[in-house]
Amino acid sequence: MSVKNLQHCIRDLEAAGRLIRIEEQIDARLEAAEIHRRVFQNGGPALLFTNVANCRFPMVSNLFGTLDRSEFIFRKTLTQVKRLVDAKVDPGEILKHPLRNLGLPWQALKMLPKRCKNGPVLANCCQIEDLPQLQSWPDDGGAFITLPQVYTEHPLQPGMMTANLGMYRVQISGGEYTANEEIGLHYQIHRGIGVHQQAAQARNEPLKVNVFVGGSPAMSVAAVMPLPEGMSELTFAGALSGGRINMIQRPRSLPIYGEADFCIEGELLPEATRPEGPFGDHLGYYSLTHEFPVMKVNKVWHRKDAVWPFTVVGRPPQEDTRFGELIHEITGPVIPTVLPGVKAVHAVDAAGVHPLLFAIGSERYTPYSSEDRPQELLTQANAILGQGQLSLAKYLLIANRFDNDVLNIEDSPAFLKHMLERVDWKRDLHFQTQTTIDTLDYSSEGFNRGSKVVIAASGAAKRELPTQLPTEFQLPDGFSDPQIVLPGILAIKAPGADERYSEDLQRFCQSYDRQSAINAFPLIVLVDDSQFTSASVGNFQWVTFTRSNPAMDIDGIEALIEYKHWGCHGSLVIDARIKPHHAPPLIEDPAVSKRIDALAGQGLPVSKYL
């Protein structure tokens, strides 16, 4: 059974009791998003909003809100897709050489996009202002499309098999955009569409863009999937949906996804930008207003029974967390084949995904040596940081699999304990400065600029990690409320950060030497609220790794520089306070929260999840 379109998916989920309808009138501005967040946090079902204020289109959300629901949606295809990705199947090559790939040509044929002359999406036209005006957070700069599938082709190499399908947020109202004529297209660094736009600008011509919304949920997954080289997003979507993706071809136009619920046709004019944002993003803070490409809108198509799918992002975990779990389930086994010696890589969702990576590598080449210095781990770390979106990580912690072959990379307390028992701060810190980080990360003082640190640990445990404060323990003036986060990790409340915030970090570190009792804790984090930070592992990871930039915010007790290598004899100290240049965190609108509280008290099917 294929997942041909969104209407099929909604009926399937509803019949299985995995989707509920909300027939009360809900405003797309803030209310729908707050309901979504509450239902997601309580493990609730997908949501169909049938009565959207001032809009004729229904909305659906939380389709991917649990891994179990995603597996249910793709229950007929997921196993086969994992096999194809594991084999790094290129359908074009299979069809060119069928005898080399006996048994696979029929499957490859089902994956290839299908050219057609018409489709449901071309049934009707509307204006941008007719679309659901979804606003998720109070200070968002307008309404946004949060589950878009942005389709482009390279000007010098056109064609569906080499096209790019990506999920880049789209602002459809507010700011300086001309209503119904312009929308904003925000894409982060290292995204495929950037290559296409650069090629178009070099030719001084516009880049044609189609923004699809809806259709088979497989298209949304394909738009965010880090695929093996040679597999296009459209072929992956065909495999995951269980049927070929219908693409409507017309003269002098980009192909249009026939089963989409909506399609916005337009183009990016050479070097045309507008201020885009703010937008409450997946790190748990606003991404601020910056110049991004502006898309000239030529046409807005929609099918007769169109439904508007959306998601809501914010401080993890959110629905995109479950997206990540699905992606890991599909692509995780491929990692050792792409990165030799690397057993696993885990982007830590609680830290906002990009700020923190855990990895397990292998010291394979010196079994005769008793030296426990990380060696091959550093080569593997560089390879990890050279892979697509992994290159945006700020902190990469990598362990040697031969020190503990059953170490679970997704068990943060166990992984951090393993690392802190073995790390040598004099030797095992490796910085990259003046480099790129996530576009949405404001921990540095520059846009798209920051630093990275690799922490590699190998060998036998060097220390026992304390779980209690030492008896001889004093803090410098202005520092207070020490709280143990995990064995060996101490959170300390520091003075509020002002423009001279770096002096607080230096003063703290200079108050101790390597003999001080505080060094029993190999990792110390300076924070605004130590009790909040220590209340959960998730809080610790979010605070520490979203609010710090390694080169600026790491110091240590009795620091040293040897041959340009930085380290420290005592504790490593990370300044994870909110700094003056940071973006503000996301907070709900109290009036909207009050309205949703009232809705929860009405005894509706959704009430038990609110």
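Residue numbers for the sequence shown follow my numbering, so the first one is 2 and each next one is one higher. All C-beta atoms in this analysis are idealised placements derived from N, C-alpha and C, irrespective of residue type, glycine included.
With a Cβ-Cβ cutoff of 7 angstroms, do residue i and residue j count as a contact?
i: residue 491; j: residue 525; result: yes
i: residue 260; j: residue 216; result: yes
i: residue 51; j: residue 22; result: yes
i: residue 601; j: residue 608; result: yes
i: residue 484; j: residue 532; result: yes
i: residue 121; j: residue 56; result: no
i: residue 238; j: residue 246; result: yes
i: residue 268; j: residue 305; result: no
i: residue 289; j: residue 281; result: no
i: residue 408; j: residue 358; result: no
i: residue 460; j: residue 373; result: yes
i: residue 214; j: residue 294; result: no
i: residue 276; j: residue 176; result: yes
i: residue 242; j: residue 82; result: no
i: residue 579; j: residue 499; result: no
i: residue 411; j: residue 68; result: no
Measure the C-alpha to C-alpha separation of residue i and residue j and round it to an integer number of angstroms.
i: residue 571; j: residue 430; result: 13 angstroms
i: residue 183; j: residue 442; result: 27 angstroms
i: residue 362; j: residue 402; result: 6 angstroms
i: residue 301; j: residue 266; result: 6 angstroms
i: residue 548; j: residue 114; result: 43 angstroms
i: residue 574; j: residue 583; result: 19 angstroms
i: residue 271; j: residue 186; result: 14 angstroms
i: residue 195; j: residue 588; result: 32 angstroms
i: residue 453; j: residue 419; result: 21 angstroms
i: residue 163; j: residue 151; result: 14 angstroms
i: residue 464; j: residue 423; result: 7 angstroms
i: residue 520; j: residue 421; result: 12 angstroms
i: residue 538; j: residue 406; result: 23 angstroms
i: residue 417; j: residue 60; result: 41 angstroms
i: residue 356; j: residue 393; result: 7 angstroms
i: residue 508; j: residue 480; result: 11 angstroms
i: residue 510; j: residue 503; result: 11 angstroms
i: residue 486; j: residue 534; result: 7 angstroms
i: residue 389; j: residue 193; result: 10 angstroms
i: residue 470; j: residue 517; result: 13 angstroms
i: residue 167; j: residue 16; result: 31 angstroms
i: residue 482; j: residue 522; result: 15 angstroms
i: residue 476; j: residue 512; result: 8 angstroms
i: residue 438; j: residue 118; result: 43 angstroms
i: residue 577; j: residue 550; result: 9 angstroms
When burial is assigned at 16 or more other CB atoms within 10 Å of the CB, is residue i buried or exposed?
i: residue 254; result: exposed
i: residue 474; result: exposed
i: residue 400; result: buried
i: residue 545; result: buried
i: residue 80; result: exposed
i: residue 157; result: exposed
i: residue 124; result: exposed
i: residue 95; result: Note on residue 95: pLDDT 48, under 50, position unreliable in the model; no value is reported.
i: residue 347; result: buried
i: residue 554; result: buried
i: residue 264; result: buried
Apart from the five residues on each side of it in sequence, which residues of its chain come closer than 8 angstroms, Cβ to Cβ, to residue i?
i: residue 130; result: 174, 180, 181
i: residue 100; result: With a pLDDT of only 47 at residue 100, under 50, the local geometry of the prediction cannot be trusted, and no value is derived from it.
i: residue 319; result: 38, 41, 283, 312, 313
i: residue 333; result: 345
i: residue 136; result: 29, 30, 31, 34, 143, 144, 145
i: residue 448; result: 291, 440
i: residue 204; result: 156
Looking at the strands, I want to know which residues DSSP matches up with residue i.
i: residue 557; result: 573
i: residue 1; result: Nothing about residue 1 can be reported from this structure: the residues present for the chain run from 2 to 611 only.
i: residue 362; result: 401
i: residue 126; result: 302
i: residue 311; result: 62
i: residue 22; result: 49
i: residue 586; result: 286
i: residue 208; result: 269
i: residue 151; result: 167, 212
Is it the case that the CB of residue i approaches a heavy atom of the ligand FMN more closely than 6 angstroms?
i: residue 176; result: Questions concerning the ligand FMN fall outside what the structure shown contains, since it holds no ligand whatsoever.
Which same chain residues end up closer than 7 angstroms to residue i when comparing Cβ atoms and leaving out the 5 residues on each side of it in sequence?
i: residue 324; result: 65, 225
i: residue 336; result: 343, 345, 346
i: residue 200; result: 155, 156, 157
i: residue 252; result: none
Can you name, in chain order, every residue of its own chain whose Cβ lies under 6 angstroms from the Cβ of residue i, other than the five neighbours on each side?
i: residue 514; result: 559
i: residue 54; result: 26, 28
i: residue 1; result: Nothing in the structure corresponds to residue 1, since the chain is present only between 2 and 611.
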